[in-house]
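> Residue numbers (the numbering used here), protein chains in the order written: chain A, 119 to 234; chain B, 156 to 269.
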């Protein structure tokens, strides 16, 4: 089956620190990979995605590279801000025959807290 | 463009009752997926609808059901509620069938079963 493992949290950083949240996966088939972010009281927002090996997704200063050889999709940001405090989810979707059936497999989430 | 809208935001029900949750997708999106989020199990896929047809289903009991209307709006129903059904229920929409069309989530319905 498919599974996603994220580094255990919570992660606490000072503003302007470097962020890495590790994510590894197992999948039957060739997955697309995603990072979603969830702010308190809200749903999930797509942060970035990558659909094939060596693709780099980026958005709002966050980056992640699809590494097929290590089955990883680690999230990084060079300088975090207090406003980045949220829960981050790594996820995958295996597209069957070119059709998405809306089923994402999520990691357990990593709580990030950034202090001023 | 309006996002995914879920109603109601909060719901309190008693064990044994049934509940219906509603989801309006982004205009033009034809696929609607439902997820359950709990502290213990995390985010789990319930089912997906496209053009009024259920195309995919997760590992949930038959008490969980859904439907989609011709305007792509979707409802999810849970019958004979149990305490363990307390969760945040998230709806997500996408164009459907396109790998470059990621899921867009609503803010969820928080269901509490007492």
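In this text, a Cβ means the ideal position worked out from N, Cα and C, and glycines have one as well.
(1) What residues from the segment 210–229 of chain B come within 8 Å of chain A, judged by C-beta to C-beta, listed N to C?
(2) Around the Cβ of residue 206(B), are there at least 16 other Cβ atoms within 10 angstroms (buried) or fewer (exposed)?
(3) Would you decide whether residue 248(B) is buried or exposed? Buried here means 16 or more other CB atoms lie within 10 Å of its CB.
(4) Hey, out of 223(A), 215(A), 181(A), 199(A), whose CA is closest to residue 230(A)'s CA?
(5) Just to confirm, are residue 251(B) and residue 220(A) a CB contact at a threshold of 9 Å?
(6) Grouping DSSP H, G and I as helix and E and B as strand, with all else coil, what is residue 261(B)?
(7) What does DSSP give as the partner residue(s) for residue 185(A) in the beta ladder?
(8) Output yes if chain B places a C-beta closer than 9 Å to the C-beta of residue 180(A); else output no.
(9) So which residues of chain A does residue 262(B) contact, with C-beta pairs closer than 8 Å?
(10) Got a sec: which bits of the segment 171–204 of chain B sit with their beta carbon under 7 Å from any beta carbon on chain A, in order along the chain?
(11) Quick one: grab the DSSP three-state call for residue 229(B).
(12) Rounded to whole angstroms, what is the Cα-Cα separation between residue 125(A) and residue 218(B)?
(13) Thinking residue 267(B) and residue 181(B) are a contact (beta carbons under 8 Å), I'd like their distance in whole angstroms, please.
(14) Counting pairs of Cβ atoms below 8 Å between the segment 141–153 of chain A and the segment 174–194 of chain A, do you hit three or more?
(15) Buried or exposed: which applies to residue 242(B), given that a residue is buried once 16 or more other Cβ atoms fall within 10 Å of its Cβ?
(16) Return helix, strand or coil for residue 159(A), following the three-state DSSP convention.
(17) Suppose the cutoff is 8 Å on Cβ atoms and the five residues either side in sequence are ignored; what does the same chain contact list for residue 128(A) look like?
This is what the structure gives:
(1) Those residues of the segment 210–229 of chain B placed with their C-beta closer than 8 Å to a C-beta in chain A are 210, 211, 213, ordered along the chain.
(2) For the purposes of this step, residue 206(B) is identified with residue 51 of the second chain, where counting begins at 1. When all chains shown are included, residue 206(B) counts as exposed.
(3) What you label residue 248(B) is simply residue 93 of the second chain in a count that begins at 1. Under this definition residue 248(B) is a buried residue.
(4) Within the first chain, numbered from 1, the residue matching residue 230(A) stands at position 112. Looking at the Cα atoms, 199(A) is the closest of the given residues.
(5) Along the second chain, one-based indexing puts residue 251(B) at 96. Along the first chain, one-based indexing puts residue 220(A) at 102. Result yes, Cβ atoms of residue 251(B) and residue 220(A) sit closer than 9 Å.
(6) As a working note, residue 261(B) is residue 106 in the second chain. Residue 261(B): coil per DSSP, three-state reduction.
(7) Position 67 of the first chain holds residue 185(A). Paired residue(s): 190(A).
(8) Numbered from its first residue, the first chain carries residue 180(A) at position 62. Residue 180(A) does not count as touching chain B.
(9) In the second chain, counting from the first residue as 1, residue 262(B) sits at position 107. Residues of chain A passing the Cβ test: 159, 160, 161.
(10) For the segment 171–204 of chain B, which is checked against every Cβ of chain A, the residues closer than 7 Å are 186, 188, 197, 198, 200, 203.
(11) Taking the first residue of the second chain as 1, we reach residue 229(B) at position 74. Three-state result, residue 229(B): strand.
(12) Looking up residue 125(A) in the first chain gives position 7. Looking up residue 218(B) in the second chain gives position 63. Rounded to the nearest angstrom, the two C-alpha atoms are 34 Å apart.
(13) Position 112 of the second chain, counted from the start, is the residue given in the question as residue 267(B). Position 26 of the second chain, counted from the start, is the residue given in the question as residue 181(B). The Cβ separation is near 28 Å, so there is no contact.
(14) In the pairwise beta carbon analysis, the segment 141–153 of chain A is classified as touching the segment 174–194 of chain A: at least three pairs are separated by under 8 Å.
(15) Sequence index remark: in the second chain, residue 242(B) carries index 87 (1-based). With 16 or more other Cβ atoms within 10 Å, it is buried.
(16) Looking up residue 159(A) in the first chain gives position 41. Of the three classes helix, strand and coil, the one that applies to residue 159(A) here is coil, per DSSP.
(17) Translated into positions along the first chain, residue 128(A) becomes position 10. Closer than 8 Å at Cβ, skipping near neighbours: 228, 229, 230, 231.
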